[in-house]
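Asks:
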Amino acid sequence: MNDATLIRKGLFRKKLRAILLMVSIMIAFLIFGALGAFYTVFTAGVDVAAANRLITVNRINFTVSMPFAYWGRVQQVEGVENVSHASWFGGYYQEPRNFVQSFAVDPESYLAAYPELVMPDEQRTAFLNTRTCLAVGADLATQFGWSLGDRIPLLSNIWQKTDGSSSWEFDICAIFDGDEATVPANYAMFHYEYYNEALAFNTDQLGWMIVNTTDPSINERVGRDIDALFANSSAETETSTEAAFNQAFLEQFGNIALVLVLVIGAAFATILMIVGTTMVMAINERTKEIAVMKTLGFNEGRIFRMVLSESILLSLIGGLIGLGLATLMVTGAAAALAGFLPGLAMPMSVVLTALALMIGLGVITGIIPAINATRIRIVEALGKN
Amino acid sequence: MTESAPLYTLTDLSKSYTRGRETIKIFEQLDMTISSGEFIAIMGPSGSGKTTLLNLLGGIDAPSSGTVEFEGSRVDNLSQGKLAAWRARHVGFIFQFYNLMPTLTAAQNVELPLLLTKLSGKERKNRVLTALDIVGIADRAGHRPRQLSGGQQQRVAIARAIVADPEVLLCDEPTGDLDRNSADEILGTLQELNKDLNKTIIMVTHDPAAAKYARRELFLDKGRFVEKGDRT
Numbered sequence: 000m001n002d003a004t005l006i007r008k009g010l011f012r013k014k015l016r017a018i019l020l021m022v023s024i025m026i027a028f029l030i031f032g033a034l035g036a037f038y039t040v041f042t043a044g045v046d047v048a049a050a051n052r053l054i055t056v057n058r059i060n061f062t063v064s065m066p067f068a069y070w071g072r073v074q075q076v077e078g079v080e081n082v083s084h085a086s087w088f089g090g091y092y093q094e095p096r097n098f099v100q101s102f103a104v105d106p107e108s109y110l111a112a113y114p115e116l117v118m119p120d121e122q123r124t125a126f127l128n129t130r131t132c133l134a135v136g137a138d139l140a141t142q143f144g145w146s147l148g149d150r151i152p153l154l155s156n157i158w159q160k161t162d163g164s165s166s167w168e169f170d171i172c173a174i175f176d177g178d179e180a181t182v183p184a185n186y187a188m189f190h191y192e193y194y195n196e197a198l199a200f201n202t203d204q205l206g207w208m209i210v211n212t213t214d215p216s217i218n219e220r221v222g223r224d225i226d227a228l229f230a231n232s233s234a235e236t237e238t239s240t241e242a243a244f245n246q247a248f249l250e251q252f253g254n255i256a257l258v259l260v261l262v263i264g265a266a267f268a269t270i271l272m273i274v275g276t277t278m279v280m281a282i283n284e285r286t287k288e289i290a291v292m293k294t295l296g297f298n299e300g301r302i303f304r305m306v307l308s309e310s311i312l313l314s315l316i317g318g319l320i321g322l323g324l325a326t327l328m329v330t331g332a333a334a335a336l337a338g339f340l341p342g343l344a345m346p347m348s349v350v351l352t353a354l355a356l357m358i359g360l361g362v363i364t365g366i367i368p369a370i371n372a373t374r375i376r377i378v379e380a381l382g383k384n
Numbered sequence: 000m001t002e003s004a005p006l007y008t009l010t011d012l013s014k015s016y017t018r019g020r021e022t023i024k025i026f027e028q029l030d031m032t033i034s035s036g037e038f039i040a041i042m043g044p045s046g047s048g049k050t051t052l053l054n055l056l057g058g059i060d061a062p063s064s065g066t067v068e069f070e071g072s073r074v075d076n077l078s079q080g081k082l083a084a085w086r087a088r089h090v091g092f093i094f095q096f097y098n099l100m101p102t103l104t105a106a107q108n109v110e111l112p113l114l115l116t117k118l119s120g121k122e123r124k125n126r127v128l129t130a131l132d133i134v135g136i137a138d139r140a141g142h143r144p145r146q147l148s149g150g151q152q153q154r155v156a157i158a159r160a161i162v163a164d165p166e167v168l169l170c171d172e173p174t175g176d177l178d179r180n181s182a183d184e185i186l187g188t189l190q191e192l193n194k195d196l197n198k199t200i201i202m203v204t205h206d207p208a209a210a211k212y213a214r215r216e217l218f219l220d221k222g223r224f225v226e227k228g229d230r231t
């Protein structure tokens with residue numbers, strides 16, 4: 000037997016109470032872990048943004064296109080290393096519920112703009128040289144069971160061809176992936192020319208441009224110069240860094256971070272009050288036992304540590320179970336949501352934050368009972384003068 | 000018996016409590032000497048200060064004035080931390096209602112004071128078994144308090160009190176919750192601890208029959224000791 004035995008025995012003195020407390024803590028950390036993982040992957044775009052990458056969109060809205068000719072003009076701006084462009088196709092496979100996130104791009108400049116997209120050399124060559132090629136992200140290929148050589152139709156509920164159909168036929172000639180798990184590989188891309196030449200309307204327009212500068216320090220000046228080029232035109236532009244663009248995109252959905260903080264905060268505040276009150280009651284019930292321990296010679300510091308450790312142990316057990324369940328849940332969801340949220344996993348940052356919160360929760364809920372325990376007067380607690 | 004130097008020396012000891020505006024004097028200017036190896040029974044009416052005196056001897060209460068010396072050194076002015084260490088080293092307590100930890104087995108209850116020592120796990124285990132054996136309850140080592148009778152629980156409490164080999168055992172109504180037979184067995188055990196292991200025992204009791212087991216009886220009344228008898 001040692002102090003750890005006494006701490007464990009104290010914690011499980013009333014098993015049902017201890018288990019219920021652990022379950023409540025477990026739920027809080029299950030919520031924290033799951034939401035934390037989703038939040039991390041949801042905002043990964045901001046984190047993976049390259050420092051020297053700018054995004055130029057129509058000033059009205061990023062869904063409004065701009066003339067194709069802009070692409071060539073931006074290439075002339077001083078400090079621009081590479082310019083690519085992309086146009087939203089949307090699209091679905093076979094039926095509308097099989098949504099396929101897809102873009103019409105200029106393959107060569109697009110792959111230069113995004114060096115983090117990796118694929119075998121022969122597939123890269125095939126993508127660059129095959130007009131009907133569809134380069135598919137690995138997660139998307141897994142989701143639909145596609146493989147190299149497959150010929151698939153993608154239908155659009157936005158665009159129409161001059162022949163009246165909305166279906167573009169593609170040959171899968173490349174499957175790309177990100178060089179890190181957080182790089183999205185849940186979309187497909189194809190030649191802009193192949194798409195544009197068949198369009199019934201909105202031809203020779205592009206959705207947005209991706210601009211690589213020679214140095215991140217000139218981003219602001221390059222952005223200003225690009226926007227100045229098209230000032231007072233019918234399609235003015237707005238250029239921002241990729242990180243700022245991604246952040247602004249996310250903010251369309253509301254302040255996700257604030258929502259998460261409020262949800263998690265409410266859960267933790269409730270748990271804090273429940274566990275804190277219960278711990279105070281639990282220690283009050285043991286006043287006489289603590290007095291006996293003091294009588295036997297256990298000093299105040301040791302009793303303080305034991306009571307505080309009990310509270311931290313409670314928080315750690317409940318929290319680790321909750322975090323473990325959240326990890327299982329996230330792992331299970333990762334496969335199902337690979338197409339929508341690539342790279343979904345339990346991030347180490349969430350695990351470390353959760354551990355700090357567990358210890359913090361244990362300390363906060365245990366500090367008052369621990370102080371109370373040290374203040375127990377033996378003579379009064381033993382009930383005799 | 001050969002009396003050695005005083006184990007306890009109480010000088011001008013006073014104790015009073017304040018309750019509201021009222022000050023209640025328990026005793027005043029009490030002088031007392033207790034030698035090593037004594038077995039003293041302290042008797043007296045309720046409220047006479049018997050338990051308070053025991054608490055002062057055990058360092059779990061502080062006198063209002065006066066001094067408590069143990070083996071020539073004052074203990075009444077020690078800090079809480081030093082007092083705790085002193086109690087762990089020199090004093091064993093036996094309470095009327097046993098005060099065992101309900102979640103621990105008999106052996107674990109007995110082992111508690113040894114957690115304050117530097118003994119190894121094996122040494123602690125040996126000591127626990129020896130202590131339980133001395134009080135005749137080694138066969139109940141794995142039982143929890145609620146699985147034991149009152150007499151058995153008090154034996155466990157005695158084992159806990161002696162396991163760290165203190166010089167003094169302070170017993171507060173150790174048989175107050177027991178039937179006559181159990182009480183006699185417990186008192187017999189205390190007597191053996193006094194005779195065989197030379198433990199100094201100071202016992203507070205209401206029970207004249209219990210007091211007969213002691214070598215010296217003291218009667219505390221109105222803050223004064225009345226020596227009733229010395230059977231040494």
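So the protein sequences, as listed, match chains W and G. 156 is the number that numbering that gives the first Met the number 0 gives to position 157 of the first sequence; each next residue is one higher, with no gaps. 91 is the number that numbering that gives the first Met the number 0 gives to position 92 of the second sequence; each next residue is one higher, with no gaps. Quick reminder that beta carbons are idealized off the backbone N, C-alpha and C, glycines included. Computed from a predicted structure; not experimentally measured.
Could you tell me which uninterrupted beta strand (DSSP E) segments, each at least 3 residues in length, are contained entirely in the region 110 to 175 of chain G, listed from first to last along the chain?
Replies: As far as the region 110 to 175 of chain G is concerned, its whole beta strand (DSSP E) runs of at least 3 residues are 167 to 171.
Asks: In this structure, how does DSSP classify TRP158 (chain W) when only helix, strand and coil are distinguished?
Replies: Coil.
Asks: Within its chain, find whatever has a CB closer than 6 Å to the CB of ASN384 (chain W); leave out the 5 residues flanking it on each side and keep chain order.
Replies: Residue placement at ASN384 (chain W) cannot be trusted, given a pLDDT of 36 that sits under 50; what the coordinates show is reported in the next sentence. Closer than 6 Å at the Cβ level, and outside the excluded window around ASN384 (chain W), lies no residue.
Asks: Among G:LEU128, G:HIS205, G:LEU52, G:ALA105, which residue has its Cα nearest to the Cα of THR32 (chain G)?
Replies: It is G:LEU52.
Asks: Tell me, which residues are paired with TYR91 (chain W) by DSSP?
Replies: W:PHE98, W:LEU154.
Asks: Report yes if the CB atom of GLY48 (chain G) is closer than 8 Å to the CB atom of GLY222 (chain G), and no otherwise.
Replies: Yes, the pair counts as a contact, with Cβ atoms nearer than the cut-off.
Asks: Quick one: Cα of ALA247 (chain W) to Cα of GLY361 (chain W), how far?
Replies: Their backbone Cα atoms lie some 38 Å apart in a straight line.
Asks: Distance, Cα to Cα, ARG223 (chain W) vs VAL63 (chain W)?
Replies: Answer to the nearest angstrom: the Cα atoms are 20 Å apart.
Asks: Across which residues does DSSP place TYR186 (chain W) in a beta bridge pair?
Replies: DSSP, once it has assigned bridges, lists no residue as partnering TYR186 (chain W).
Asks: Let me see if you follow: with CB-CB separation under 8 Å, is ASN371 (chain W) close to chain G or not?
Replies: Judged by the 8 Å Cβ criterion, ASN371 (chain W) is not in contact with chain G.
Asks: Between the region 203 to 217 of chain G and the region 161 to 173 of chain G, can you find at least three pairs of beta-carbon atoms closer than 8 Å?
Replies: Short answer: they touch.
Asks: To which residues does DSSP link THR22 (chain G) through a beta bridge?
Replies: Paired residue(s): G:THR17.
Asks: May I have a chain-ordered list of the alpha helix (DSSP H) segments no shorter than 4 residues that lie completely inside the region 26 to 85 of chain W?
Replies: Taking only runs of at least 4 residues, the alpha helix (DSSP H) segments lying wholly in the region 26 to 85 of chain W are 43 to 47, 68 to 73.
Asks: Within 10 angstroms of the Cβ of LYS194 (chain G), are there 16 or more other Cβ atoms? Answer buried if so, exposed if not.
Replies: LYS194 (chain G) comes out exposed.
Asks: Quick check: what's the CA-CA separation for PRO346 (chain W) versus GLU115 (chain W)?
Replies: The straight-line gap from Cα to Cα measures roughly 20 Å.
Asks: Under a three-way DSSP split, which group does TYR113 (chain W) fall into?
Replies: Coil.
Asks: Is there contact between the region 120 to 134 of chain W and the region 184 to 198 of chain W, where contact requires at least three CB pairs shorter than 8 Å?
Replies: The answer is yes - the region 184 to 198 of chain W touches the region 120 to 134 of chain W, with three or more Cβ pairs under 8 Å.
Asks: Cβ of ASN371 (chain W) within 8 Å of Cβ of VAL279 (chain W)?
Replies: Yes, Cβ-Cβ distance for ASN371 (chain W) and VAL279 (chain W) is below 8 Å.
Asks: Using a Cβ-Cβ cut-off of 6 Å (strictly less than) and excluding sequence neighbours within five positions of ASP226 (chain W), which residues of its own chain qualify?
Replies: Excluding sequence neighbours, ASP226 (chain W) sits near THR236, THR238.
Asks: Below 8 Å on C-beta distance, what does LEU295 (chain W) contact in chain G?
Replies: Those are ARG86, ALA87, PHE92, LEU111, PRO112, LEU115, ARG159, listed as they occur along chain G.
Asks: Starting from GLN246 (chain W), follow its DSSP beta bridges and name the residues at the other end.
Replies: Answer by DSSP bridge pairing: none, since GLN246 (chain W) is not bridged.
Asks: Chain G beta carbons: is any one of them nearer than 8 Å to that of LYS383 (chain W)?
Replies: In this prediction, LYS383 (chain W) has a pLDDT of 43, which is less than 50 and means its spatial position is unreliable; what the coordinates show is noted afterwards. True, the Cβ-Cβ gap to chain G drops below 8 Å.
Asks: Would you report the Cα separation of HIS142 (chain G) and THR276 (chain W), rounded to the nearest angstrom?
Replies: Taking the straight line joining both Cα atoms gives about 32 Å.
Asks: What is the rounded straight-line gap between the Cα of PRO44 (chain G) and the Cα of MET0 (chain W)?
Replies: Cα to Cα, the separation comes out at about 42 Å.
Asks: Give a yes or no on whether 8 Å exceeds the smallest Cβ distance from ILE375 (chain W) to chain G.
Replies: Not closer than 8 Å to any Cβ of chain G, the Cβ of ILE375 (chain W) fails to qualify, so no.
Asks: Just confirm the distance between the C-beta atoms of LEU99 (chain G) and VAL155 (chain G), as a whole number of angstroms; I'd bet it's less than 8 Å.
Replies: About 6 Å separates the two Cβ atoms, so the contact holds.
Asks: Our contact map puts LEU205 (chain W) next to MET65 (chain W) with C-beta atoms below 8 Å; I'd like the distance itself, whole angstroms only.
Replies: Indeed, because the Cβ distance is near 6 Å, the residues count as touching under 8 Å.
Asks: In three-state terms, what does DSSP make of PRO5 (chain G)?
Replies: Looking at PRO5 (chain G) - three-state DSSP - the assignment turns out to be strand.
Asks: Could you confirm whether any beta carbon from chain G is found closer than 8 Å to the beta carbon of ASN185 (chain W)?
Replies: No, ASN185 (chain W) lies away from the interface with chain G (no Cβ there is under 8 Å from its Cβ).
Asks: For the structure I just gave you, are there three or more beta carbon pairs, one from the region 127 to 134 of chain G and one from the region 310 to 324 of chain W, closer than 8 Å?
Replies: Flag = no, the region 127 to 134 of chain G and the region 310 to 324 of chain W do not touch.
Asks: How is the beta strand (DSSP E) around LEU133 (chain W) delimited, first residue to last?
Replies: Start and end: 132 to 136.
Asks: Give, in chain order, every residue of the region 6 to 21 of chain W whose Cβ lies closer than 9 Å to some Cβ of chain G.
Replies: If the cut-off is 9 Å between Cβ atoms, the region 6 to 21 of chain W has LYS8, GLY9, PHE11, ARG12 near chain G.
Asks: List the DSSP bridge partners of GLY91 (chain G).
Replies: According to DSSP, GLY91 (chain G) bridges with G:LEU168.
Asks: To the nearest angstrom, how far is it from the Cα of ALA36 (chain W) to the Cα of LEU343 (chain W)?
Replies: Distance between the alpha carbons of ALA36 (chain W) and LEU343 (chain W) is about 7 Å.
Asks: What in chain G is Cβ-close to GLU288 (chain W), meaning under 7 Å?
Replies: Neighbours of GLU288 (chain W) on chain G, chain order: MET100.
Asks: Strictly under 8 Å for the Cβ-Cβ distance: is MET0 (chain W) near chain G by that measure?
Replies: Taking Cβ atoms only, chain G reaches closer than 8 Å to MET0 (chain W), which makes this a yes.
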